Amino acid sequence: MKAQPVLLVSEEDLLNEAMECPADRPLETRPLAQERAFAFWQKDIPEEYWHLDAQQLKERITAARRALGRRCVVLGHHYQREDIIQFADVRGDSFKLAQWAAQRAEAEFIVFCGVHFMAEAADILSQPHQKVILPNMSAGCSMADMADPEDVYACWEELEEAGVGPLMPVTYMNSAASLKAFCGQRGGIVCTSSNAQKVFLWAFERADKVLFFPDQHLGRNTALKLGISLDEMAVWDYTLPYSSLGGNDVEKLRRAKVILWKGHCSVHQRFTLGQVLEARRRYPDVKVIVHPECRMEVVQAADMDGSTEFIARTIAEAPPGTKWAVGTEINLVSRLARENPDKLVFCLDPVVCPCSTMYRIHPAYLCWVLEELVEGRIVNQVKVDEETAHWARVALERMLQVA
Ligand code: 13P
Ligand code: SF4
């Protein structure tokens, strides 16, 4: 059975949590029952885990890991909190973690500390004997949820009916497995923030136009880097009713080289041009580095942009004394500040905002799923059905070959 995340993210939820986050030290882990958004999270975790503090959880997770030994590997995305990342055998961006899952067949259990679409990709790319576990099934991605598969299929149909094409579907990794499968079946492909340009070039060798979903910003930023002008892009507003062509006229769509789904990341859309200008005013020699999910004007004003792995590597390799204003999720930014004490590293946004769904991987969930494994029980397995997995694998493997 395909596991379905329970997704209950709202802008308000994100903003509420944003107010609580210090930029200069790791986000503090409180017992699960005391964390603000717990009311929205996966609730079938036994009550004994609700009140354990960070130290108790650390001891139990360490013991469970020791008992499982090499049968279990923990993957951690860069946005995970410190109390999770300390247990990650491998940390990385979504590309690196997918690549790892495709290449390493030793571990029987892959415990994925990230969000649902990443765990799905790991399940699709790993071997049949490996089981992928997402500690908290409500750890989704609000951007991925902006591309409901039914809406994308309807969009595709409308474009075909309007004679817009030949069209290549390209989906960002941050999407449901069924959309990756949709792309695989139609000659399309997946991209991540680390390979979007190469993937777009691959697509344009095979089709005149790209339909890109769900992140309008990554799509727009990538197309601009390839010399495609804003005039040659259209935005598909999926909130409009069927047969309204996503708010475009046929001519606009026929002219467009890239059609952008109107999705966004609520974390990255918070960064503004004003923040970039303010960082430069305070530190004239600062380097601004941002994730390509930020708005076009932010990416254009930055010195560089790239995936979370690119941001981490660039700052780690920079000379001592350099200054970095970073436009990405706060767990990563504050970790980079601590790991690079010889440099000044700070977040562009003074009201810092964690990804509230990444944050749902509370150590209590990690402890629970590991202790269940020790007892021989698998909870929270992410399993994509065979038909979907087959076509999604086609699109993912195209990406792994291109990148
Ligand atoms: P990366 O692939 O750069 O890690 O990005 C994933 C993501 O969700 C960013 O918001
Ligand atoms: Fe999704 Fe944004 Fe969180 Fe990344 S940071 S997982 S795009 S909501």
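Going by the numbering used here, the first residue of the sequence shown is number 763, and it counts up by one from there. Each residue gets a CB set at the ideal place from its N, CA and C atoms; glycine is no exception. As the structure is a prediction and not an experimental result, all values here were calculated from the model.
Q: Name the two residues that bound the continuous beta strand (DSSP E) containing Val1107.
A: As a working note, residue 1107 is residue 345 in the sequence shown. Element bounds for Val1107: Leu1106 to Cys1109.
Q: Using 7 Å as the cut-off, classify the Cβ of Asn983 as near or not near the heavy atoms of the ligand SF4, replying yes or no.
A: For the purposes of this step, residue 983 is taken as residue 221 along the sequence shown, with counting starting at 1. Outside the cutoff, so no.
Q) Could you give the C-beta distance for Met1120 and Ala901, rounded to a whole number, given that I count them as a contact under 8 Å? A) Within the sequence shown, numbered from 1, the residue matching residue 1120 stands at position 358. Within the sequence shown, numbered from 1, the residue matching residue 901 stands at position 139. Their Cβ separation, rounded to whole angstroms, is 7 Å, which keeps Met1120 and Ala901 in contact under 8 Å.
Q. Between Ser940 and the rest of its own chain, which residues show a CB-CB distance below 6 Å, the 5 nearest in sequence each way excluded?
A. In the sequence shown, residue 940 corresponds to position 178, counting from 1. Around Ser940: Pro911 and Thr1150.
(Q) Please report the straight-line C-alpha distance between Leu887 and Trp862, rounded to a whole angstrom. (A) Indexing the sequence shown from 1 puts residue 887 at position 125. Indexing the sequence shown from 1 puts residue 862 at position 100. Cα to Cα, Leu887 sits roughly 9 Å from Trp862.
Q.
Using C-beta distances below 7 Å, list every residue in its chain close to Arg1032, excluding the 5 sequence neighbours before and after it, in chain order.
A. Translated into the one-based positions of the sequence shown, residue 1032 becomes position 270. Excluding sequence neighbours, Arg1032 sits near Asp1111 and Cys1115.
Q.
Using only Cβ atoms and a threshold of 7 Å, which residues come within that distance of a heavy atom of the ligand SF4? Order them by chain position.
A. My final list is Tyr841, Val877, Cys903, Ser904, Met905, Ala906, Asn936, Cys1027, Ser1028, Val1029, His1030, Glu1055, Glu1091, Cys1117, Thr1119 and Met1120.
Q) Are Ile823 and Leu1132 close, meaning C-beta to C-beta below 8 Å? A) The residue you call residue 823 lines up with position 61 of the sequence shown. The residue you call residue 1132 lines up with position 370 of the sequence shown. Yes, the Cβ-Cβ distance between Ile823 and Leu1132 is below 8 Å.
Q) Where does Met880 sit, in a helix, a strand or coil, going by DSSP? A) In the sequence shown, the residue the question calls residue 880 occupies position 118. Met880 falls in the helix class under three-state DSSP.
(Q) Using only CA atoms, which one of Ala884, Asp855 and Phe944 lies nearest to Ala917? (A) The residue given as residue 917 occupies position 155 in the sequence shown. A small fix is needed here, since residue 917 is Cys in this sequence, not Ala. Checking every option, the nearest Cα to that of Cys917 belongs to Phe944.
Q | Test item: CB-CB of Met930 and Gly946 under 8 Å | A | Within the sequence shown, numbered from 1, the residue matching residue 930 stands at position 168. Within the sequence shown, numbered from 1, the residue matching residue 946 stands at position 184. Contact annotation: Met930 and Gly946 have beta-carbon atoms that are not nearer than 8 Å.
(Q) Helix, strand or coil for Gly831? Go by DSSP, reduced to three states. (A) Sequence index remark: in the sequence shown, residue 831 carries index 69 (1-based). Reduced to three states, the DSSP call for Gly831 is helix.
Q: For Asp946, name the three-state secondary structure that DSSP assigns.
A: As a first step, residue 946 is located in the sequence shown; it is residue number 184 there, counting from the start. For the record, residue 946 in the displayed sequence is Gly; it is not Asp. Helix, per DSSP.
(Q) Within 10 Å of its beta-carbon, does His891 have 16 or more other beta-carbons around it, so buried, or fewer, so exposed? (A) Taking the first residue of the sequence shown as position 1, residue 891 is located at position 129. Counting Cβ neighbours within 10 Å, His891 comes out exposed, since fewer than 16 surround it.
Q. Can you tell me whether DSSP reads Met899 as helix, strand or coil?
A. Taking the sequence shown and counting its residues from 1, one reaches residue 899 at position 137. Looking at Met899 - three-state DSSP - the assignment turns out to be coil, as it is neither helix nor strand.
Q. Got a sec, what are the start and stop residues for the alpha helix (DSSP H) Pro1125 sits in?
A. Locating residue 1125 in the sequence shown gives position 363, counting from the first residue. Taken as a continuous stretch (DSSP letters only), the alpha helix (DSSP H) holding Pro1125 covers Pro1125 to Val1136.
Q. Hey, is Lys1085's beta-carbon within less than 8 Å of any beta-carbon in chain E?
A. No chain E is present in this structure, which holds just one protein chain.
Q.
Measuring alpha carbon to alpha carbon, tell me which residue in Arg1044, Leu859 and Gly927 is nearest Leu1158.
A. Counting from 1 along the sequence shown, the entry for residue 1158 is found at position 396. Cα-wise, what sits closest to Leu1158 is Leu859.
Q) At which residues does the alpha helix (DSSP H) containing Val1141 begin and terminate? A) As a working note, residue 1141 is residue 379 in the sequence shown. No alpha helix (DSSP H) contains Val1141, which DSSP labels as neither H nor E.
Q.
Quick check on the contact list: which residues have their beta carbon closer than 5 Å to a heavy atom of the ligand 13P?
A. Environment of the ligand 13P, chain-ordered: Asp855, Ser856, Thr954, Ser955, Ser1069 and Thr1070, taking every residue with Cβ within less than 5 Å of a heavy atom.
Q: Please classify Ile758: does DSSP put it in a helix, a strand, or coil?
A: Lying before the first or after the last residue shown, residue 758 is absent from the chain, which here runs from 763 to 1165.
(Q) In the DSSP output, which residue or residues are listed as bridge partners for Leu837? (A) By one-based count along the sequence shown, residue 837 stands at place 75. DSSP, once it has assigned bridges, lists Val852 and Phe874 as partnering Leu837.
Q: Would you check if the distance between the CB atom of Trp1086 and the CB atom of Ile807 is smaller than 8 Å?
A: Within the sequence shown, numbered from 1, the residue matching residue 1086 stands at position 324. Within the sequence shown, numbered from 1, the residue matching residue 807 stands at position 45. Going by C-beta atoms, Trp1086 is not nearer than 8 Å to Ile807.
Q | Spatial distance of Ala850 from Phe974 (CA atoms) | A | Along the sequence shown, read from residue 1 onward, the residue named residue 850 stands at position 88. Along the sequence shown, read from residue 1 onward, the residue named residue 974 stands at position 212. Approximately 32 Å between the Cα atoms of the pair.
Q. Assuming Val961 and Val1164 make a contact with CB atoms under 8 Å, what is their CB distance in whole Å?
A. Here residue 961 refers to the residue found at position 199 of the sequence shown. Here residue 1164 refers to the residue found at position 402 of the sequence shown. That pair is a contact at about 6 Å.
Q.
Whether or not the stretch 952-968 and the stretch 1006-1014 are in contact is what I'm after, with contact meaning three or more pairs of Cβ atoms, one per stretch, closer than 8 Å; do they touch?
A. Cβ pair count under 8 Å is below three, so no.
**Q.** Neighbourhood of Asn1102 by C-beta distance below 7 Å, restricted to the same chain and skipping five residues each side
**A.** Indexing the sequence shown from 1 puts residue 1102 at position 340. Cβ contact annotation for Asn1102 (same chain, cutoff 7 Å, sequence separation greater than five): Ile1077 and Ala1078, in chain order.
Q: Classify Thr1001 as buried or exposed, calling it buried when 16 or more other Cβ atoms lie within 10 Å of its own Cβ.
A: Here residue 1001 refers to the residue found at position 239 when the sequence shown is read from its first residue. The residue is exposed, with fewer than 16 neighbouring Cβ atoms inside 10 Å.
Q) If you run the structure through DSSP and keep just helix, strand and coil, what is Leu769? A) Here residue 769 corresponds to residue number 7 of the sequence shown, with the count starting at 1. Note that Leu769 scores a pLDDT of 36, beneath 50, so its modelled location is shaky and nothing firm can be said.
Q: Would you mind giving the Cβ-Cβ distance between Ala909 and Pro976, rounded to the nearest angstrom? I have them listed as a contact below 8 Å.
A: Taking the sequence shown and counting its residues from 1, the one referred to as residue 909 is at position 147. Taking the sequence shown and counting its residues from 1, the one referred to as residue 976 is at position 214. A Cβ-Cβ distance of about 4 Å is found for the pair Ala909 and Pro976, placing them in contact under the 8 Å criterion.
**Q.** Per-residue DSSP class, three states only, for Ile1051
**A.** The residue you call residue 1051 lines up with position 289 of the sequence shown. Correct three-state label for Ile1051: strand.
Q.
Assess contact between the stretch 816-830 and the stretch 1064-1083, defined as three or more Cβ pairs (one per stretch) separated by less than 8 Å. Is contact present?
A. no
Q) If you draw a straight line from the alpha carbon of Val926 to that of Asp970, how long is it in whole angstroms? A) Working through the sequence shown from its first residue, we reach residue 926 at position 164. Working through the sequence shown from its first residue, we reach residue 970 at position 208. In a straight line, the C-alpha of Val926 is about 10 Å away from that of Asp970.
Q.
Assuming contact is defined by CB atoms lying nearer than 8 Å, are Asn898 and Trp998 in contact in what I supplied?
A. If you number the sequence shown from 1, residue 898 lands on position 136. If you number the sequence shown from 1, residue 998 lands on position 236. Contact flag unset, no.
Q) Going by C-alpha distance, which of Gln818, Arg866, Val873 and Arg982 is nearest Ile1140? A) The residue given as residue 1140 occupies position 378 in the sequence shown. Measuring from the Cα of Ile1140, the nearest candidate turns out to be Val873.
Q. DSSP beta-bridge partners for Met930?
A. Sequence index remark: in the sequence shown, residue 930 carries index 168 (1-based). In the DSSP output, where bridge partners are listed per residue, Met930 has Val972.
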